[in-house]
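Protein chains: 6
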Amino acid sequence: MASDRSIHITVINGNTSAAMTRGIDAVAQAICSPQTKLVTTQPQTGPASIESYYDEYLAIPGILEQIVLDQTADAFVLACWGDPGIEAAREITQRPVVGIAEASLYVANMLAAKWSVVTTLHRVRDMVEKTIAKTGLSQRCASVRTTPLAVLETEQCRDATLAALITASQQAIAEDGAEAICLGCAGMSGLDTALEAELQVPVIDAVAAAVRLAESLVALKKHTSKQLTYRPPELKPILGYSDGMQPSDLRHLR
Amino acid sequence: MASDRSIHITVINGNTSAAMTRGIDAVAQAICSPQTKLVTTQPQTGPASIESYYDEYLAIPGILEQIVLDQTADAFVLACWGDPGIEAAREITQRPVVGIAEASLYVANMLAAKWSVVTTLHRVRDMVEKTIAKTGLSQRCASVRTTPLAVLETEQCRDATLAALITASQQAIAEDGAEAICLGCAGMSGLDTALEAELQVPVIDAVAAAVRLAESLVALKKHTSKQLTYRPPELKPILGYSDGMQPSDLRHLR
Amino acid sequence: MASDRSIHITVINGNTSAAMTRGIDAVAQAICSPQTKLVTTQPQTGPASIESYYDEYLAIPGILEQIVLDQTADAFVLACWGDPGIEAAREITQRPVVGIAEASLYVANMLAAKWSVVTTLHRVRDMVEKTIAKTGLSQRCASVRTTPLAVLETEQCRDATLAALITASQQAIAEDGAEAICLGCAGMSGLDTALEAELQVPVIDAVAAAVRLAESLVALKKHTSKQLTYRPPELKPILGYSDGMQPSDLRHLR
Amino acid sequence: MASDRSIHITVINGNTSAAMTRGIDAVAQAICSPQTKLVTTQPQTGPASIESYYDEYLAIPGILEQIVLDQTADAFVLACWGDPGIEAAREITQRPVVGIAEASLYVANMLAAKWSVVTTLHRVRDMVEKTIAKTGLSQRCASVRTTPLAVLETEQCRDATLAALITASQQAIAEDGAEAICLGCAGMSGLDTALEAELQVPVIDAVAAAVRLAESLVALKKHTSKQLTYRPPELKPILGYSDGMQPSDLRHLR
Amino acid sequence: MASDRSIHITVINGNTSAAMTRGIDAVAQAICSPQTKLVTTQPQTGPASIESYYDEYLAIPGILEQIVLDQTADAFVLACWGDPGIEAAREITQRPVVGIAEASLYVANMLAAKWSVVTTLHRVRDMVEKTIAKTGLSQRCASVRTTPLAVLETEQCRDATLAALITASQQAIAEDGAEAICLGCAGMSGLDTALEAELQVPVIDAVAAAVRLAESLVALKKHTSKQLTYRPPELKPILGYSDGMQPSDLRHLR
Amino acid sequence: MASDRSIHITVINGNTSAAMTRGIDAVAQAICSPQTKLVTTQPQTGPASIESYYDEYLAIPGILEQIVLDQTADAFVLACWGDPGIEAAREITQRPVVGIAEASLYVANMLAAKWSVVTTLHRVRDMVEKTIAKTGLSQRCASVRTTPLAVLETEQCRDATLAALITASQQAIAEDGAEAICLGCAGMSGLDTALEAELQVPVIDAVAAAVRLAESLVALKKHTSKQLTYRPPELKPILGYSDGMQPSDLRHLR
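Residue numbers (the working numbering), protein chains in the order written: chain R, 9 to 262; chain V, 9 to 262; chain P, 9 to 262; chain L, 9 to 262; chain S, 9 to 262; chain G, 9 to 262.
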């Protein structure tokens, strides 16, 4: 039996909404191990919510900056379903980075033969499908079910969100063959228990899944591979970004 | 922060070699959380090692019996790379079942863009490729590298095993583009640290990965979906198996 | 023109229901060549029907034993849609082994651009999809249509079975684009003519298809490859199985 | 046991070389059932051999004409690896049409986990890969190995052909993981026994495989589906082709 | 800035209907660059429309002959959705050959995340799916929507055609997630503007797309690769075709 | 024949190196139609070259800003192989956006059965493979060949770059079956002619290909679909970006 020293996890909300950061933090604090010291941060730049490719791309520099600024964490959780910028995050630190999308899919894969992702606005379908494809698990995916919910509504209108998720999930189960449900937005975090009671199938809270997987990677003493793809960025000037963001400075990151 | 009650994990060696069971147990005990109570068992029937489809299929009834006999565990780890019988295991209990193959691939996926599986005898290539395909992650797999190593040799001849693994892994890295290595046999458990020191890329010990992921599923309070595929077996007599193995008896399993 | 000597075919029912064995035998005897001597057997151990992964895995040792006990056959037909244990069967003998699932798919492929598999209980969908994927023909599959039929009902309640198959097949044709129907259960054997009359598309009886393909392999004088994957099992003790099932004894099999 | 009436099979050589037609006929006559009446024909128009897309497309009208002219056959074998025009052949008759490419792949699939196709000139690689893809079996294919052999050389220079096939097959086995070999040209027909003796893995003679599978389809009393894709061609004039080739005349074909 | 010399484009209607040739020419003349000299031809042999594999295969020799006869064109447009014989066309000339199917898919890919192909008779679904697969873009395809429209009706009954296309396209958008529409038949050419006005999504006229892409290839000074697959046909006699169609004569083509 | 009015194309270099912008502009001006007014710009923020995911993500906001600032162009060319941020670019304008990666692959697809991408540093292999996969054309890709070349070296050291490209391309042709070569970096633009002379297979200059395809889309009067995925970004504040970059301002873009 291992004697776990205290683990530091930093959870990074992908958007700049403080209310969503607090919501994510509440879920993350509730699920993490007693030994874990967990903080939840948010970018200083970027959109209030991520609902388009444009939002996602403008969010990434601020997300990466959170990693650059954080020398304490043993591992990072990227708390936006879509895992925006995760390949770049893995380039700038050796410390494990876990995306909540991938984490939720791995957990679903261990609990059900087929699962669906239930998520926000209809327009994000293509983004969600590409995220699943990136992880490699498209074949196990029964369907992606979108809703009329904007991201910030999921945080602010919990009852309406729950109702919309129940409807979409029941369709996924009845019509698409889903045997478990992944909640495809960090704003939906915390609704898994209520939803599970209603649906009688496993419902995966992506933030919770990612926190536990990040702890696991630290316990396993694993680091991101620096062999090829995730090597530190090549040296060069990058205009319009702060000193700490220059490749030459990134070399000092652990 | 969660206050984890004590978690019980049962690790099931897939074969009937007591020495391998002890080796697996040592690795599992060393990596599990301090709060976890972990036992390692082995089937009462089946082959001394699993190196063919024939071995695998004759091992599965005994593996499933270990689950039937165990009412204490909160989750099971199936400690044979190949995850033999895991779909059936998920049918007969609601408690999470984690295969060491799938667990190692999920961990590799979080650490490297491409990984290789390094494993035993050349003849198992097809089995290993099918295991990866079942998990859905074939596209992220750089290669499967087989060796002249029999399963029990990996346990008994540690130096020769390490040497063979180094050779095969270096080929995977240099020729196939691997950026991390998954050890594709429970008998190789415990060699990851030495191998990692040599190769300078992450090396995934599948048993260790699965123990931490099983703990995570329990902490997340998740159970296997009983919606469709993993429902309890239909009622019917099954000739030649003990009472506890009859579908009518399985209904009492939690 | 070849002068066919008498060919011996052994058809192995996958379950332990004598009535189903008789039903399969009737279809197989009716379709085999006049020169063929055909016997249908069933395992001494295993479930009365195969409707879950658990059933399937507990059936396989008994199925393999039927091959071990049979030194007369020139080829084997594995008469359970799902081809349970077929890779292991190919390891323990050089004589061709034909699964009824694969045989029916090859025949369908030669008759129609797209086909559907119509089968038993809803819960077997995942098993059926994996069987098709194993054969490699998922892309040609229009759909898998499940029914409320338990396996033994297909044998016992022929009218209700026929009615359910007509309904499911008509849906497959009208909604999924199926141009031929594969009957996805050995218990449905013998219903192809009645169904074909109703549907006006080819309906493949999997047992009949496999018997003719097994004869073809014998006529072609082909044996299972022993190059790598299907080599005889490695030598080792296997606990809990009879003497004949030990790898050292399997070496005497032709 | 079925009482097979005499079956009529017409084998259609895809090219206009009489010597190749005779070679194909010899193999086909030697392998067909004693009850089968088999004739081998060749198109009246088209190339002396098929080694490019151009050759293939100019061969197809003549191949289809052979079907139009033949009201006697119960089934057709399309004896050019590439199965040229087979979809159209299936439109103009209900009688089964078996391509030698697909037949050889189905047989290989029943004998080996992975197989390679060994064939003629390097330039046909793309055609061969597309043929395998059309059948749906690319995943089971270990490799396509081309040679410097022109099609007519395979018929005329048997020793050199055998030598080239041995070399290419040994590379496929040693380097690509092939466990069986498909001979990817009708001109190679008859060399399987000699090659098998040398290689010690199953070698599939595509013509022989197709003859037996065509007999099987007739014995199974199956016809090509006329549900959608393979319906008779729509009525319309077709300039430059003989009367019998007009869609209005095709309606009289059985 | 390039000083474009006059470019000669030959558009080849795939069928022998003069009315359709005129319709295609009107669209092609309207969209080509002012500097381009464009002629539209049709085969001297072949079907009046292409609605089956049989039609397609009997059309190809005549299509290829149009290329053989044309020493003036700098590039060819193959104006039948299905791009019949395009690989052979690329073998017999170095001048670029653009199929209207592939051209329309590339254009759709640059305008929309997912698109559907809306086309003629239900029976062509399989042909259309294979055409998309050949191009490699199946994953971006939301659906193939067929209609009751025969090919020649699309040319002759413009109002009914437009109505049927609107209905099918609206279903593709609402039910399948299409974000753009490809018109899957040369006979539908010219209807894109009216359809676009109705649907409010991009509608791709395949003939127009191909003409502009063919011009682009000429402007880029690119020729078809003669490295392997598209080398000139091997020398051999081809019975039943005119002198100019013999491989020895093709060597003189530029 | 169309009477093309003057078309305005803006080519956006993905990095902030003025020398590379000039090199791209020279190629683009040389290939564009005489009627086209073409300007080449570069972002005001971002890395001097793009050789990692980090570089790519920090480049995208500046690239998108170039589109926001440009109300003149009729179409945009995104001149960085990798097409960074192209989905977001398509959200913020209706005017066509063509990536040089996708353009080069479409052109290659029309000229060769299989092609390879030859590109910069070994570490970009994963990025390049994902770009090809995003376009949907992985199956047509013979290989990705990386070199020791940094991006800026390709611009600055033309002889060494040419030598390295020749070596890598020859390997792709001889060992991987490539029949055409795509130059996988905007910095390699202009080397296609010299390379083609050496290799005797088509070499695609990605910038040139994209310019002509962008002109084609304008000539075809096509706009990006606003149906679902590429709708304008949802309204919300985005911290740390200039006024013009706010979603509310994007609504004014044409």
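Ideal placement from N, C-alpha and C gives every residue a C-beta, glycine not left out. Since we're looking at a predicted model, the values are computed, not measured.
Could you check if Ser256/G is buried or exposed, using at least 16 other CB atoms within 10 Å of its CB as the buried criterion? Within the sixth sequence, residue 256/G is the residue found at index 248, counting from 1. Result: exposed.
Residue-level contact to chain G via CB, Met28/S, 7 angstroms cutoff: On the fifth sequence, position 20 is the one that residue 28/S refers to. With 7 angstroms as the cut-off, Met28/S does not count as an interface residue toward chain G.
When you compare the CB of Met9/L with every CB in chain S, is at least one pair closer than 7 angstroms? Here residue 9/L is taken as the residue at index 1 of the fourth sequence, counted from 1. With a pLDDT of 45 at Met9/L, under the threshold of 50, the modelled position of that residue is not reliable, and the figure given next carries that caveat. For Met9/L, the answer is no, since every Cβ of chain S falls outside 7 angstroms of its Cβ.
Kindly list the residues whose CB is nearer than 7 angstroms to the CB of Gln208/G, restricted to its own chain and excluding five residues on each side of it in sequence; keep chain order. In the sixth sequence, the residue the question calls residue 208/G occupies position 200. Cβ within range, chain order: n/a, list empty.
Neighbourhood of Ala10/R by C-beta, 6 angstroms cutoff - its chain only, sequence neighbours within 5 removed: On the first sequence, residue 10/R is found 2 positions in, with the first residue counted as 1. Low confidence applies here, because Ala10/R scores a pLDDT of 48, under 50, leaving its location unreliable; read the following figure in that light. So no residue of the chain qualifies.
Taking Cβ to Cβ, would you say Leu173/L is nearer than 7 angstroms to Val126/L? Numbered from its first residue, the fourth sequence carries residue 173/L at position 165. Numbered from its first residue, the fourth sequence carries residue 126/L at position 118. Cβ atoms of Leu173/L and Val126/L: closer than 7 angstroms.
State the DSSP-derived secondary structure class of Thr44/L, mapped to helix, strand or coil. On the fourth sequence, residue 44/L is found 36 positions in, with the first residue counted as 1. Reduced to three states, the DSSP call for Thr44/L is strand.
Chain G contact residues for Asp134/L, given Cβ-Cβ distances below 8 angstroms: To locate residue 134/L, count along the fourth sequence from 1; it is residue 126. Within 8 angstroms Cβ-Cβ: Ala121 and Lys122.
I'd like to know whether the C-beta atoms of Asp200/L and Asp184/L end up nearer to each other than 7 angstroms. Taking the first residue of the fourth sequence as position 1, residue 200/L is located at position 192. Taking the first residue of the fourth sequence as position 1, residue 184/L is located at position 176. Not a contact, by the Cβ cut-off of 7 angstroms.
When we look at the beta-carbon of Glu134/R and count the other beta-carbons within 10 Å, is it buried (16 or more) or exposed? For the purposes of this step, residue 134/R is identified with residue 126 of the first sequence, where counting begins at 1. Note that residue 134/R is Asp in the sequence shown here, rather than Glu. By the neighbour-count rule (16 or more Cβ atoms within 10 Å), Asp134/R is buried.
So which residues on chain L does Ala216/P lean against when the C-beta distance must stay under 8 angstroms? Counted from its first residue, the third sequence places residue 216/P at position 208. Within chain L, the residues near Ala216/P are Leu228.
Among Glu137/V, Pro69/V and Ile100/V, which residue has its Cα nearest to the Cα of Pro241/V? Taking the second sequence and counting its residues from 1, one reaches residue 241/V at position 233. For Pro241/V, the nearest C-alpha among the options comes from Ile100/V.
Classify Ser250/S as buried or exposed, calling it buried when 16 or more other Cβ atoms lie within 10 Å of its own Cβ. Here residue 250/S refers to the residue found at position 242 when the fifth sequence is read from its first residue. Exposed, by the Cβ-count rule.
For His260/V and Gln79/V, the rounded distance between their alpha carbons: Start at 1 with the first residue of the second sequence, and residue 79/V comes out as number 71. Start at 1 with the first residue of the second sequence, and residue 260/V comes out as number 252. Their Cα atoms are separated by approximately 10 angstroms.
Let's test the definition: count the other Cβ atoms within 10 Å of the Cβ of Asn23/G and tell me whether it reaches 16, buried, or not, exposed. Residue mapping note: residue 23/G aligns to position 15 of the sixth sequence, counting from 1. So Asn23/G ends up on the buried side.
Can you check which of these residues, Gly248/L, Pro245/L, Val226/L and Cys165/L, is closest to Gln43/L by C-alpha distance? Indexing the fourth sequence from 1 puts residue 43/L at position 35. It is Val226/L whose Cα lies nearest to the Cα of Gln43/L.
In or out: Lys122/P buried (at least 16 other Cβ within 10 Å) or exposed? Reading the third sequence from its first residue, position 114 is the one you call residue 122/P. Classification of Lys122/P: buried, given that the 10 Å Cβ count is 16 or more.
I need the boundaries of the alpha helix (DSSP H) containing Val76/R, first residue and last residue. Looking up residue 76/R in the first sequence gives position 68. It spans Tyr61 to Leu77 - the alpha helix (DSSP H) in which Val76/R sits, taken as one unbroken run.
May I ask which residues mark the beginning and end of the beta strand (DSSP E) holding Leu203/L? Working through the fourth sequence from its first residue, we reach residue 203/L at position 195. No beta strand (DSSP E) contains Leu203/L, which is instead part of the alpha helix (DSSP H) from Asp200 to Leu207.
Three-way DSSP call (helix, strand, coil) for Ala10/P in this model: Taking the third sequence and counting its residues from 1, one reaches residue 10/P at position 2. Per-residue confidence for Ala10/P stands at a pLDDT of 48, beneath the threshold of 50, marking its modelled position as unreliable; the derived number appears in the next sentence. Note: Ala10/P maps to coil in three-state DSSP.
Which ranges would you report for the alpha helix (DSSP H) in the region 154-231 of chain L if only whole runs of at least 4 residues count? 159-164, 166-184, 200-207 and 214-227
Among Ala116/G, Leu113/G, Ser112/G and Glu73/G, which residue has its Cα nearest to the Cα of Arg98/G? Here residue 98/G is taken as the residue at index 90 of the sixth sequence, counted from 1. It is Glu73/G.
Please state whether DSSP places Ala120/L in a helix, a strand or coil. Your numbering for residue 120/L matches position 112 in the fourth sequence. Coil at Ala120/L, not helix or strand.
Gln147/G versus Thr139/G: straight-line alpha-carbon distance, rounded: Your numbering for residue 147/G matches position 139 in the sixth sequence. Your numbering for residue 139/G matches position 131 in the sixth sequence. About 13 angstroms.
Neighbouring residues, chain G, relative to Gly144/V (Cβ below 9 angstroms): Position 136 of the second sequence, counted from the first residue, corresponds to residue 144/V. None at all; the shortest Cβ gap to chain G is about 16 angstroms.
Proximity winner among Ala194/R, Val132/R, Glu187/R and Ala218/R, relative to Glu204/R (alpha-carbon distances): Start at 1 with the first residue of the first sequence, and residue 204/R comes out as number 196. Ranking the options by Cα distance to Glu204/R, first place goes to Glu187/R.
Can you name the residues of chain G whose CB is closer than 8 angstroms to the CB of Ala276/S? Residue 276/S lies beyond the range of chain S shown here (9 to 262); nothing can be said about it.
What separation, rounded to the nearest whole angstrom, lies between the Cα atoms of Glu163/L and Met28/L? Counting from one through the fourth sequence, the residue named residue 163/L turns up at place 155. Counting from one through the fourth sequence, the residue named residue 28/L turns up at place 20. Cα-Cα distance, rounded: 6 angstroms.
Is Ser25/R buried or exposed, if buried means 16 or more other CB atoms sit within 10 Å of its CB? Your numbering for residue 25/R matches position 17 in the first sequence. So Ser25/R ends up on the buried side.
Only counting the same chain, and skipping five residues up and downstream in sequence, which positions put a Cβ closer than 7 angstroms to that of Gln179/R? As a first step, residue 179/R is located in the first sequence; it is residue number 171 there, counting from the start. Correct list, in chain order: Arg153.
Neighbourhood of Gly93/L by C-beta distance below 7 angstroms, restricted to the same chain and skipping five residues each side: As a working note, residue 93/L is residue 85 in the fourth sequence. Excluding sequence neighbours, Gly93/L sits near Ile68, Ile71 and Leu72.
Alpha helix (DSSP H) segment containing Ala56/G, residue limits: Against the sixth sequence, residue 56/G aligns to sequence position 48. Note, Ala56/G: premise wrong, no alpha helix (DSSP H); not H, not E.
Can you list the residues of chain S that Gly185/P reaches, using a CB-CB cut of under 8 angstroms? One-based indexing of the third sequence puts residue 185/P at position 177. Going along chain S in sequence order, the residues near Gly185/P (Cβ under 8 angstroms) are Arg133.
Candidates Ala158/S, Leu258/S and Asp82/S, of which the one nearest Gly192/S by Cα: Walking along the fifth sequence from the start, residue 192/S turns up at place 184. Checked all of Ala158/S, Leu258/S and Asp82/S; the closest Cα to Gly192/S is Ala158/S.
Go ahead and label Pro156/S buried or exposed: buried means 16 or more other beta carbons lie within 10 angstroms of its beta carbon, across all protein chains shown. As a first step, residue 156/S must be located in the fifth sequence, where it is residue number 148. So Pro156/S counts as exposed.
What residues of chain G sit near Glu64/S, judged by a beta carbon separation below 9 angstroms? Taking the first residue of the fifth sequence as 1, we reach residue 64/S at position 56. Residues of chain G passing the Cβ test: none, with the nearest at roughly 20 angstroms.
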